[in-house]
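Read through the structure below, which is laid out as C-alpha cells, and then see the notes.
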Amino acid sequence: MKLIITIVTCFLFVAITYSQGKYLTKSGAISFYSKATMEDISADNNQVLSIIDTDNSKMAISILMKSFLFEKALMQEHFNENYVESDKYPKATFKGEILNFDTVNDMVSKKQVKGFLTIHGVSKEITIDANMTKKENSILVTGDFMISLEDFNVKIPAVVAKNIAKKIKVTFNLNHQFYKK
Amino acid sequence: MKKILLAIFLVSINVSTFSQDDLLDILDNETPENKTKDIVTATFKGTRILNGHSIENRKDSELEFIISHRFGAINLGFDELFGLDQSNIRFALEYGVTDNLTAGFGRSSFEKTYDSFLKYSLIKQQNGEKPFPFAVSLFSSIAVKTIKDYDPADKRTFAESLSYVSQVLIARKFSESFSFQVTPTYIHRNTVKIEADPHDIFALGFGGRLKLSKRVSLNSEYYYAFDESESINARNSLAFGVDIETGGHVFQLILSNAITMIEKSFIAENTGNFFGGDIHFGFNISRTF
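Heads up: the protein sequence lines correspond to chains A and B, in order.
Counting from 1, position 54 in the first sequence corresponds to residue 776 in the numbering used here; the numbering is continuous, with no gaps.
Counting from 1, position 263 in the second sequence corresponds to residue 255 in the numbering used here; the numbering is continuous, with no gaps.
Structure follows, in C-alpha cells:
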C-alpha cells in the first residue's frame, strides 16, 4: 500500500510540474526598421519562436534570419549574404530572465527583460523594457528597442552608409500560449 | 529498501522533468519541419558570369538596366589608345516577370543588333530536408542583325537576319566562395557568310566564380564551340573578370577576347586570340530598380 502511495505521489509531482510551466509561440512577430538619409528599410519575421518558463521567469527566443521578409528581394539577398551571413549564422537568439515576473498580471505592465542577445555570432548582454500581460492561458510580450549594428560586428561599407542606419529599431510582439508537453 | 530505491528512482525522473533541457533546446525541437527547406541563393552575383548568362534571375517585378561596354583589342597599340578608341556598347532592360522568369531586351552597337531573351529558373539547388545538388535554368534568345553590310542588290529579309540561341544553364554553389556552371549551348543562324559555314553550332560553356571578399569575386568563363565557321578564323571565347557589388549595383570588369556581348556572336563569331593579345577590356554595370 505504501508503495502505491509513493508511486501515486511521485506521479502527482510530475502532473504538477507539467501544469505549471511553459508558454510558447511559434508565430511571434519581430520587425526591424532602419531609417537612413537615402532610404528606409524594414523587414518582418512572423515565424519567431519564443518561450517563457513561469517557474523560473526565464525566457528564450529563436529567430531564423532567412525568415525576415523585405520589400525588395535584392535587399533580402544582401541582408542574408553580406550583412548577417545567414549561412554561417542561421539564427539569432535571446536567452534571459524577466525581472519581477511574479508581478505580471492581466493588466498591461512594464517589465524589464535581461539577458544575452546573439546575432551574427556575437553575444551581448542587454536589458530591455517590455509590456507584459498574463491571461489564463497566454502571456503577451510587446515592445521595441534599439540595437547598434557595430555591437554585433555587422559592417556597413562606406558606399551604402547613407542607405543603412547604424542603429536599428527592433519591434516585437510575442503572444505565448500555454505549452503542453 | 526496495521501496526506497523505487521512490528515489521515481523522484529522480521528476527532477529530470523539472530541469528539462535548456529553453532554447525546446525551441529547436519546436521548429516546424518544413522550415528546414533551404534554397541556395546567390550562386552568382550578377545575371551574367562575364559575357554569358549565369543561372541567376531578377526577382519578381524588378527592373534591371544593364550597360555593357567592350573596348577594342589592347594590342592595337598606342595609335588606337590600346583599344579605347573603339567600342561596342549594349544597353539592355531586363525585367523579372516572376521570381523564376526574366525577360530582357537589348541593343548592341556591334552590327546594330537587337536581342531579346527569356530565362527561366527550372530547378534550384537545395540543402536541408530535400537536398538537390545543382540548379538548372533555361535560356532562349533571338537576335536580329540590322546593319546593312550586304550587297544592295541582295537585300536581306527580316527572317534572314535572325539567329537563335538556346542554353541549359547548370550550376552548383560548392561553397560560400566557389560556384561553377556548365552551359550546353545550341545556336542557329538563318544566314551565314558562305555555303561552307554551319547554320547550327553546338558549344559547351564553363564558368566559375571565386569569392575574394564579401563583395568582390573573381570570375572566369570559357566557351568551346564544336562547330566552326570556315569563312572566319573563329576562336573560342575566354574571359576573366572581377565582380564588385555595391548595394543595388553589380559592377563587372572584364578582360575578354570577344568584343561582343550576345551569345551568338561571342560563341560563334569571335575571332580574337586571347594569347595573341586580342584582349578587350570591358565592363558591365547593372542598376536594379
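Virtual Cβ for every residue (Gly too), placed ideally from N, Cα, C.
Keep in mind it's a predicted model, so treat the numbers as computed, not measured.
Per DSSP, residue i is paired with what?
i, result
"A/Leu862", "A/Thr855 and A/Asn897"
"B/Phe63", "B/Ser79"
"B/Ile58", "B/Ala84 and B/Ser278"
"A/Val835", "A/Ile820 and A/Ile850"
"A/Thr840", "A/Thr815 and A/Ser845"
"A/Asn778", "Answer is none; A/Asn778 lacks a bridge partner."
"A/Asn767", "A/Ile752"
Out of curiosity, what's the CA-to-CA distance linking residue i and residue j?
i, j, result
"A/Tyr805", "A/Phe792", "14 angstroms"
"B/Lys111", "B/Asp91", "11 angstroms"
"B/Arg181", "B/Ala188", "13 angstroms"
"B/Arg279", "B/Phe97", "15 angstroms"
"A/Thr739", "A/Ile774", "Low per-residue confidence applies at A/Thr739: pLDDT is 44, beneath 50, and the placement is therefore not dependable, though the value from the model is reported in the following sentence. When rounded, the distance between both Cα atoms is 15 angstroms."
"B/Ser101", "B/Phe232", "22 angstroms"
"B/Leu247", "B/Asn276", "11 angstroms"
"B/Phe266", "B/Ile66", "10 angstroms"
"B/Ser167", "B/Ile58", "28 angstroms"
"B/Ser155", "A/Leu871", "51 angstroms"
"A/Tyr811", "A/Lys788", "10 angstroms"
"A/Val876", "B/Ile271", "39 angstroms"
"B/Thr35", "B/Glu48", "7 angstroms"
"A/Lys889", "A/Ile850", "15 angstroms"
"B/Ile186", "B/Phe281", "44 angstroms"
"A/Lys833", "A/Thr855", "10 angstroms"
"A/Ala758", "A/Lys891", "12 angstroms"
"B/Gln118", "B/Val242", "25 angstroms"
"B/Gly69", "B/Arg99", "28 angstroms"
"A/Ala880", "A/Ile763", "17 angstroms"
"A/Asn951", "B/Leu161", "Outside the displayed range of chain A (723 to 903) lies residue 951 of chain A, so it cannot be described from this structure."
"B/Ser223", "B/Asp52", "43 angstroms"
Is residue i near residue j, with beta carbons less than 8 angstroms apart?
i, j, result
"A/Thr840", "A/Ala852", "no"
"A/Met781", "A/Gly818", "yes"
"A/Asn767", "A/Ile752", "yes"
"B/Thr177", "B/Ala195", "yes"
"B/Glu255", "B/Gly44", "yes"
"B/Ala163", "B/Ser153", "no"
"B/Tyr215", "B/Asn225", "no"
"A/Phe790", "A/Phe801", "yes"
"B/Ile179", "B/Ala260", "yes"
"A/Val830", "A/Ile820", "no"
"A/Asn897", "A/Thr747", "yes"
"A/Ile861", "A/Tyr755", "no"
"B/Asn262", "B/Ile41", "no"
Going along chain B, which residues have a C-beta under 9 angstroms from residue i?
i, result
"A/Lys698", "The first residue shown for chain A is 723 and the last is 903, placing residue 698 of chain A beyond what the model contains."
"A/Leu746", "Ile18, Leu19 and Glu22"
Run down chain B in chain order and give the residues with a C-beta less than 8 angstroms from the C-beta of residue i.
i, result
"A/Leu771", "Leu19, Glu22 and Thr23"
Find the residues of chain A that neighbour residue i, judging by a C-beta separation of less than 7 angstroms, and give them in chain order.
i, result
"B/Lys206", "Asn804"
"B/Ala34", "Glu799 and Glu803"
"B/Lys51", "Ala795 and Leu796"
"B/Glu86", "The contacting residues do not exist; B/Glu86 stays about 13 angstroms from chain A at best."
"B/Glu168", "Asp809"
Name, please, each residue of chain B whose Cβ falls closer than 7 angstroms to the Cβ of residue i.
i, result
"A/Thr779", "Reading off the sequence shown, one finds Ser at residue 779 of chain A, where the question assumed Thr. Ordered by position in chain B, no residue passes the 7 angstroms Cβ test against A/Ser779, which lies about 11 angstroms from the chain."
"A/Ala782", "Leu15, Leu16 and Leu19"
"A/Asp775", "Leu15"
Whose Cβ in chain A lies nearer than 9 angstroms to the Cβ of residue i?
i, result
"B/Thr280", "Lys794 and Leu796"
"B/Thr238", "Pro879, Val881 and Val882"
Can you list the residues of chain A that residue i reaches, using a CB-CB cut of under 8 angstroms?
i, result
"B/Glu54", "Lys794, Ala795 and Leu796"
Item checked: Complete runs of the alpha helix (DSSP H) confined to the region 15 to 53 of chain B [at least 4 residues] -> Fully enclosed alpha helix (DSSP H) runs of 4 or longer: 15 to 22.
Item checked: Whole beta strand (DSSP E) elements within the region 194 to 276 of chain B, 3-residue minimum -> Here the runs fully enclosed are 208 to 217, 229 to 238 and 241 to 248.
Next item on the list: Counting only runs of 3+ residues fully inside the region 152 to 199 of chain B, write out the beta strand (DSSP E) ranges in chain order.
Entry: Listed in chain order, the complete beta strand (DSSP E) runs (minimum 3 residues) inside the region 152 to 199 of chain B are 154 to 165 and 170 to 181.
Next item on the list: Enumerate, from N- to C-terminal direction, the unbroken beta strand (DSSP E) stretches of 3 or more residues contained entirely within the region 83 to 129 of chain B.
Entry: Whole beta strand (DSSP E) segments, 3+ residues: 93 to 100 and 105 to 115.
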